[in-house]
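Enquirer: Got a structure for you, questions after.
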């Protein structure tokens, strides 16, 4: 049996280091009990089918510890395998297992159960800010290993980080890695027997980092359903039919923007081709205009609005034409006077029109 007391400052990575140990045990098929709120899908994946995880109250009593039963499935068998021991992880022990509440009712019964946990096949991890917070009797009898957790992103890169900060004002720190130094015993000069490390990025979603521990937890001990039964067994099969349905659902979300973009694209090509036709027709009409066809036209009316070009009305017998029509045909109009208008075509042939009846 191994008992670990995981210590460290606030935000030092105590919980995530313990969750990494939980993940290792579950991947080996071992039993786990904890007062942490775990997310087994993020911890093991959707297909995990054999996970055994028990959730104990935030402040477990003796009855809760008795309810988790044995931690090792090989107990009572001819060959006992200690590597299959279960793992009991208790977080925030400083709030309910501290030295100030030494006369708490049931404290001695809990300590007695913890002393016999080895015979029930349990390894234990206590999570606390500092070793001295734990009850002295439990600390002296149970603290076999003490783990000191630290984070490397709190450390500035030597020399280079100082140099960059001097020029930019921004500190350059080491990548975020959680490290745990495992000491054998609680003495100051205890031997270092192991080092734990984890990146942690893949484990942040595996447990509730904002969990608040309460002395009045409303539930008893219960077991988490394996992720297979909650997130995989009744999944929608990814066949062609369902893929098309999913595609249709996502297309509905973007159907209006797609229709809007399609309308803009179609309009661009339609109006673009229409402009080309109009320009070609205009060029053809300009080249075919002969100013001599209007030599017998007379100016019958004239008007000039403020900030506008003069407007003429020309007439020949029953035929009437305006200056705007001549402009659209590609002719250049020169206003000489109210009774005289000069028209010029693209070939620079001109004709003067005057008033008359």
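Numbering (the UniProt record's numbering), first residue to last: 1 to 357. Virtual Cβ for every residue (Gly too), placed ideally from N, Cα, C. Note that this is a predicted model, so its numbers are computed, not measured.
(1) Considering only the alpha carbon of each residue, which of 87, 185, 176 and 10 lies closest to residue 120?
(2) By the DSSP assignment, the beta strand (DSSP E) with residue 147 in it spans what residues?
(3) Leaving aside the five residues before and after residue 56 along the sequence, list all residues of the same chain whose C-beta is less than 6 angstroms from its C-beta, in chain order.
(4) Pull up the distance between the alpha-carbon of residue 291 and that of residue 302, whole angstroms please.
(5) Determine the extent of the beta strand (DSSP E) in which residue 335 is found, giving its start and end residues.
(6) Give me whichever residues DSSP pairs with residue 194 in a beta bridge.
(7) Helix, strand or coil: how does DSSP classify residue 168 here?
(8) Between the alpha carbons of residue 348 and residue 340, how many angstroms are there, rounded?
(9) Count the other CB atoms, across all protein chains shown, that sit within 10 Å of the CB of residue 180; report buried if there are 16 or more and exposed otherwise.
(10) Hey, quick one: how far does the beta strand (DSSP E) through residue 354 stretch, first residue to last?
(11) What are the boundary residues of the alpha helix (DSSP H) that residue 358 is part of?
(12) Taking residue 309 as part of the alpha helix (DSSP H), name the residues at either end of that continuous run.
(13) Could you check if residue 324 is buried or exposed, using at least 16 other CB atoms within 10 Å of its CB as the buried criterion?
(14) In angstroms, rounded to a whole number, what distance separates the CA positions of residue 14 and residue 127?
(15) Hey, would you say residue 54 sits closer than 9 angstroms to residue 224, going by beta carbons?
(16) With a Cβ-Cβ cutoff of 9 angstroms, do residue 7 and residue 182 count as a contact?
(17) Verify whether the separation of the beta carbon atoms of residue 24 and residue 62 is less than 9 angstroms.
(18) For residue 284, count neighbouring Cβ atoms within 10 angstroms of its own Cβ and tell me buried if that reaches 16, exposed if not.
(19) Using the DSSP secondary-structure output, state which residues sit across from residue 126 in a beta bridge.
(20) Going by C-alpha distance, which of 141, 169 and 174 is nearest residue 156?
(21) Shortest alpha-carbon distance to residue 17 belongs to which of 171, 201 and 240?
(22) So, are the CB atoms of residue 135 and residue 118 less than 9 angstroms apart?
(23) Looking at the secondary structure, which residues open and close the alpha helix (DSSP H) in which residue 235 lies?
(24) Identify which residue in 41, 142 and 133 has its Cα closest to the Cα of residue 96.
(25) Note down the Cα distance separating residue 278 from residue 262, rounded to an integer number of angstroms.
(26) In three-state DSSP terms, what is residue 204?
(27) If you count every other CB in all the chains shown that lies within 10 Å of the CB of residue 122, and 16 or more means buried, which is it?
(28) Looking only at its own chain, which residues have a Cβ that is under 7 angstroms from the Cβ of residue 275, when we skip the five neighbours before and after it?
(29) Is it the case that the Cβ atoms of residue 311 and residue 320 are separated by a distance below 9 angstroms?
(30) Out of curiosity, what's the CA-to-CA distance linking residue 346 and residue 265?
(31) Could you compute how far the alpha carbon of residue 80 sits from the alpha carbon of residue 72?
(32) When we look at the beta-carbon of residue 91 and count the other beta-carbons within 10 Å, is it buried (16 or more) or exposed?
(33) In the DSSP assignment, what are the bridge partners of residue 343?
(34) With 16 other CB atoms within 10 Å as the buried threshold, where does residue 59 fall?
(35) Indicate the three-state DSSP secondary structure (helix, strand or coil) for residue 291 in the structure shown.
Expert: From the atom records:
(1) Closest option to residue 120, Cα to Cα, is 87.
(2) Run containing residue 147: 145-151, per the beta strand (DSSP E) assignment.
(3) 33, 35, 64 and 221
(4) 20 angstroms
(5) 332-337
(6) Residue 194 is bridged to 182.
(7) In the three-state scheme derived from DSSP, where H, G and I count as helix and E and B as strand, residue 168 is classed as helix.
(8) 18 angstroms
(9) buried
(10) Annotation: the continuous beta strand (DSSP E) that includes residue 354 extends over 350-354.
(11) A query on residue 358 cannot be resolved here, the shown segment of the chain reaching from 1 to 357 and no further.
(12) Residue 309 -> no alpha helix (DSSP H), and no H or E assigned at all.
(13) exposed
(14) Straight through space, the alpha carbons of residue 127 and residue 14 are spaced by roughly 7 angstroms.
(15) yes
(16) no
(17) no
(18) Any answer about residue 284 is weak, because its pLDDT of 45 lies below 50 and its placement is not dependable; what the coordinates show is given next. It is exposed - the Cβ of residue 284 has fewer than 16 other Cβ atoms within 10 Å.
(19) 5 and 90
(20) Distance from the Cα of residue 156 is smallest, within the candidate group 141, 169 and 174, for 174.
(21) Nearest of 171, 201 and 240 to residue 17, Cα basis: 201.
(22) The answer is no: Cβ separation not under 9 angstroms.
(23) It is not in any alpha helix (DSSP H) - residue 235 carries neither H nor E in the DSSP assignment.
(24) 133
(25) Confidence in residue 278 is poor, its pLDDT being 40 and thus under 50, which makes the residue's placement unreliable; the coordinate value appears in the next sentence. In this structure, the straight-line span from the alpha carbon of residue 278 to that of residue 262 is close to 24 angstroms.
(26) helix
(27) buried
(28) Model confidence at residue 275 stands at a pLDDT of 45, short of 50, so the residue's coordinates are unreliable; what they give is reported in the following sentence. There are no such residues.
(29) No, the pair does not count as a contact, with Cβ atoms beyond the cut-off.
(30) Using only the alpha carbons, I get a separation of about 36 angstroms.
(31) Each residue's Cα considered, the two are about 9 angstroms apart.
(32) buried
(33) 333 and 351
(34) Residue 59 comes out buried.
(35) In the structure shown, residue 291 sits in a helix (DSSP, three-state: H, G or I).
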